[in-house]
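**Q** Below you will find the structure I want to go over with you.
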Ligand SMILES: Nc1ncnc2c1ncn2[C@@H]1O[C@H](COP(=O)(O)OP(=O)(O)OP(=O)(O)O)[C@@H](O)[C@H]1O
Ligand SMILES: [Mg+2]
């Protein structure tokens, strides 16, 4: 039950700052939708549909990623290095597994809210897409795996500045290149091959297929599940070794 | 023995922060670790509370290795630095601690009320901890450490940076807790605090324990009376077993001097060879 205490703390603070969180998660997808979907992309056809409908799943994927990663990673990194509030968990009889689960679930909640915001915006922008259980499953997996990545980053990166660098050099490039705004096939082969390995690519592909046809891409789903398991195990492992 | 420390060692690269420490703490004892900055006091407490992994040696609490999860239920920890969750209220800080220790929900509320009253922050229970003064934060940290009814309390410099009134309040808290049966292991740089509060003290320097005993025993070791003389830029100290000898000595002294009873601070200065805080 230890995980619930960890999760409870996150929900208390989320409730307290909900409007700020909500507003901050609204801004960048809104700008993407306006700039790329409505402005630049008007009249562009992608795979036979309009561009706005093409990018909505991509924006959901990238927003789920960056929201969960940062919600977990940034606060945990600060808690380990600066506030030292992590000690409170380390002296408590809470297993690494429970701690990671609590944190990751809180990242999932935040990522899910960010994704729902985009679905709401897309609705306002009159984009058509299918909503079904697969869609939410893929969103949750995406949030889960990037929250776990957030734990790993927070526990292994030893300065707040390098945490920022991780965002700049890894999270940000992924958010543009992983099939979010355009197909990776348009990139040079070697690059495309590399992009194909990344989890966000499969999240975008999956979400787009569901949005369009309501179908799941089994391979991409498998890749997401595999990433989820590996990163979660990795997060538990680094948490077990966090003491110096 | 509630706490048994055997050859406990912590190395950071070439630096030995704690060096083969042997120390036994008795049940219901208030014990203070003294020592200059960097002596290894915090590192010792961090090893006992499993925040840091020892490089060598062993520590037992209630005959259980400190790495065991059972020990975590027995100990309360107030670290040297402020580590309250400032995004939570006073109440929520305590509630989180209780939940992390898996306390039943019905007991949680009563315990929080009891402790907030004990440390006198009840009226501001629902304010964010970030609004609190240093003294209130420290009291809240003590309350938090006590949430799960530990039998041993670790206090790392519990009164550092507090005003005299607040320090006395914290001393009273410690006395009351000890009277109620808690074992207390604390560190401090205020030596009179150790003298007033503690049954026994240990003095650490460079990772080693260099003196151990009751304040009285340690003071008797260096002498009963000290002469402080102010020559040029430094203050000199000379210790005497009896007042008579001291008076004889000062009769030959030129310049200012002071004859007074030895206190624990003198012991400290004498055996660590430098002033606290150097
Ligand atoms: N994480 C760490 N990495 C490297 N060195 C460390 C680390 N923690 C402590 N040290 C070193 O170990 C030694 C003992 O430090 P410690 O904090 O235990 O001293 P202390 O007695 O608590 O001092 P103070 O009175 O200043 O609190 C110091 O030299 C310190 O620099
Ligand atoms: Mg210290």
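Residue numbers (the numbering used here), protein chains in the order written: chain A, -6 to 237; chain B, 5 to 282. Beta carbons are placed, not taken as given, at the ideal position from N, Cα and C, and that holds for glycine.
1. Counting only beta-carbon atoms, is residue 48(A) nearer than 8 Å to chain B?
2. Is it buried or exposed for residue 237(B), if we count other Cβ within 10 angstroms and need 16 for buried?
3. With a threshold of 7 Å on Cβ separation, who are the neighbours of residue 272(B) within its own chain once the five nearest residues in sequence on each side are excluded?
4. Going by beta carbon distance, what residues of the same chain come within less than 6 Å of residue 235(A), once the five residues before and after it are set aside?
5. Ligand 1 and residue 26(B): does any heavy atom of the ligand fall closer than 7 Å to the residue's C-beta?
6. Taking the alpha-carbon positions, what's the residue 1(A) to residue 233(A) distance?
7. For residue 87(B), count neighbouring Cβ atoms within 10 angstroms of its own Cβ and tell me buried if that reaches 16, exposed if not.
8. Between the beta-carbon of residue 210(A) and the beta-carbon of residue 198(A), is there less than 8 Å?
9. Determine, using beta carbons only, whether residue 221(A) and residue 142(A) come nearer to each other than 8 Å.
10. To the nearest angstrom, how far is the alpha carbon of residue 147(B) from that of residue 225(B)?
11. Under 8 Å between the Cβ atoms of residue 20(A) and residue 93(A)?
12. Check whether the Cβ of residue 209(B) sits closer than 7 Å to any heavy atom of ligand 1, and report yes or no.
13. For chain B, find out if any of its Cβ atoms is closer than 8 Å to the Cβ of residue 103(A); answer yes or no.
14. Looking at chain B, is there any beta carbon in it that lies within less than 8 Å of the beta carbon of residue -5(A)?
15. Whose C-alpha, out of 115(A), 48(A) and 59(A), is nearest the C-alpha of residue 160(A)?
16. Where does residue 118(B) land, buried or exposed, given buried means 16+ other C-beta within 10 angstroms?
17. Tell me whether residue 50(B) is buried or exposed, calling it buried when 16 or more other Cβ atoms sit within 10 Å of its Cβ.
18. Quick one: grab the DSSP three-state call for residue 90(B).
19. Could you tell me which of 101(B), 96(B), 8(B) and 35(B) sits nearest to residue 86(A), measuring between CA atoms?
20. Closer than 9 Å, Cβ to any Cβ of chain E: which residues of the region -5 to 13 of chain A, in chain order?
21. Using DSSP with H/G/I as helix, E/B as strand and the rest coil, what is residue 41(B)?
22. Say whether chain A places a C-beta atom closer than 8 Å to the C-beta of residue 190(B).
23. Quick one: Cα of residue 135(B) to Cα of residue 185(A), how far?
24. Can you check the region 15 to 64 of chain B for any alpha helix (DSSP H) of at least 4 residues that lies completely inside it and give the ranges in chain order?
25. Only counting the same chain, and skipping five residues up and downstream in sequence, which positions put a Cβ closer than 8 Å to that of residue 107(B)?
26. When you compare each of 182(A), 74(A), 46(A) and -3(A) to residue 30(A) by their alpha carbons, which one comes out closest?
27. Could you please give the first and the last residue of the uninterrupted alpha helix (DSSP H) stretch that includes residue 48(A)?
28. What does residue 85(A) reach in chain B if we use C-beta pairs closer than 8 Å?
29. What are the boundary residues of the alpha helix (DSSP H) that residue 132(B) is part of?
30. Could you pull the DSSP bridge partners for residue 113(B) from this structure?
31. Under 8 Å, CB to CB, which of the residues in the region 69 to 93 of chain A have a partner in chain B?
32. Check the C-beta distance from residue 239(A) over to residue 57(A) and give it rounded, since I have them as a contact under 8 Å.
33. How about residue 69(B): is its C-beta nearer than 8 Å to some C-beta of chain A?
34. By alpha-carbon positions, which one of 91(B), 10(B) and 231(B) ends up nearest to residue 259(B)?
35. Listed in chain order, which residues are found with a beta carbon closer than 7 Å to a heavy atom of ligand 2?
36. Which residues, taken in chain order from the region 20 to 39 of chain B, show a beta carbon closer than 9 Å to some beta carbon of chain A?
**A** In terms of the structure at hand:
1. Position 55 of the first chain, counting from 1, holds the residue named residue 48(A). No - not a single Cβ of chain B is within 8 Å of the one on residue 48(A).
2. Sequence index remark: in the second chain, residue 237(B) carries index 233 (1-based). Flag for residue 237(B) reads exposed.
3. Within the second chain, numbered from 1, the residue matching residue 272(B) stands at position 268. Excluding positions up to five away in sequence, the list reads 38, 195, 207 and 280.
4. Here residue 235(A) is taken as the residue at index 242 of the first chain, counted from 1. These residues qualify, in order along the chain: 148.
5. By one-based count along the second chain, residue 26(B) stands at place 22. No.
6. As a position in the first chain, residue 1(A) is number 8, starting the count at 1. As a position in the first chain, residue 233(A) is number 240, starting the count at 1. Approximately 21 Å between the Cα atoms of the pair.
7. On the second chain, residue 87(B) is found 83 positions in, with the first residue counted as 1. Label assigned to residue 87(B): buried.
8. Counting from one through the first chain, the residue named residue 210(A) turns up at place 217. Counting from one through the first chain, the residue named residue 198(A) turns up at place 205. Taking 8 Å as the Cβ cut-off, residue 210(A) and residue 198(A) qualify as a contacting pair.
9. The residue given as residue 221(A) occupies position 228 in the first chain. The residue given as residue 142(A) occupies position 149 in the first chain. No.
10. As a first step, residue 147(B) must be located in the second chain, where it is residue number 143. As a first step, residue 225(B) must be located in the second chain, where it is residue number 221. Taking the straight line joining both Cα atoms gives about 37 Å.
11. Start at 1 with the first residue of the first chain, and residue 20(A) comes out as number 27. Start at 1 with the first residue of the first chain, and residue 93(A) comes out as number 100. Their beta carbons are not under 8 Å apart, which means residue 20(A) does not touch residue 93(A) by this criterion.
12. Looking up residue 209(B) in the second chain gives position 205. Because no heavy atom of ligand 1 lies under 7 Å away, the Cβ of residue 209(B) does not count as near it: no.
13. In the first chain, the residue the question calls residue 103(A) occupies position 110. For residue 103(A), the answer is no, since every Cβ of chain B falls outside 8 Å of its Cβ.
14. The count along the first chain starts at 1 and reaches residue -5(A) at position 2. So, interface residue.
15. Translated into the one-based positions of the first chain, residue 160(A) becomes position 167. Closest in alpha carbon position to residue 160(A), among 115(A), 48(A) and 59(A), is 59(A).
16. Counting from one through the second chain, the residue named residue 118(B) turns up at place 114. It counts as exposed.
17. Along the second chain, read from residue 1 onward, the residue named residue 50(B) stands at position 46. Answer is buried; the Cβ neighbour count reaches 16.
18. Within the second chain, residue 90(B) is the residue found at index 86, counting from 1. The answer is coil: DSSP assigns residue 90(B) none of H, G, I, E or B.
19. Position 93 of the first chain, counted from the start, is the residue given in the question as residue 86(A). Each of 101(B), 96(B), 8(B) and 35(B) was checked against the Cα of residue 86(A), and the nearest Cα belongs to 101(B).
20. Given the protein chain composition of this structure (A and B), no chain E is represented.
21. Here the question's residue 41(B) lines up with position 37 in the second chain. In this structure, residue 41(B) counts as coil in the three-state DSSP scheme.
22. As a working mapping, residue 190(B) is identified with position 186 in the second chain. Chain A contact via Cβ: absent.
23. By one-based count along the second chain, residue 135(B) stands at place 131. By one-based count along the first chain, residue 185(A) stands at place 192. Their backbone Cα atoms lie some 52 Å apart in a straight line.
24. 45 to 52
25. Translated into positions along the second chain, residue 107(B) becomes position 103. 115, 151 and 152, listed in sequence order.
26. Start at 1 with the first residue of the first chain, and residue 30(A) comes out as number 37. Closest by alpha carbon: 46(A).
27. Numbered from 1 along the first chain, position 55 holds the residue referred to as residue 48(A). Counting along the chain, the unbroken alpha helix (DSSP H) around residue 48(A) starts and ends at 44 to 74.
28. As a working mapping, residue 85(A) is identified with position 92 in the first chain. Chain B residues near residue 85(A): 76, 101, 104 and 105.
29. As a first step, residue 132(B) must be located in the second chain, where it is residue number 128. Looking at the DSSP string, residue 132(B) is not in any alpha helix (DSSP H), and its letter there is neither H nor E.
30. As a working mapping, residue 113(B) is identified with position 109 in the second chain. DSSP lists no partner for residue 113(B).
31. 76, 77, 78, 80, 81, 82, 83, 84, 85, 86 and 87
32. The question about residue 239(A) has no answer here: the residues shown for chain A are numbered -6 through 237.
33. In the second chain, the residue the question calls residue 69(B) occupies position 65. Answer no: the Cβ-Cβ gap between residue 69(B) and chain A never drops below 8 Å.
34. For this step, residue 259(B) is matched to residue 255 along the second chain. Taking only the C-alpha atoms, the option nearest residue 259(B) is 231(B).
35. 45(B), 46(B), 84(B), 160(B), 161(B) and 191(B)
36. none
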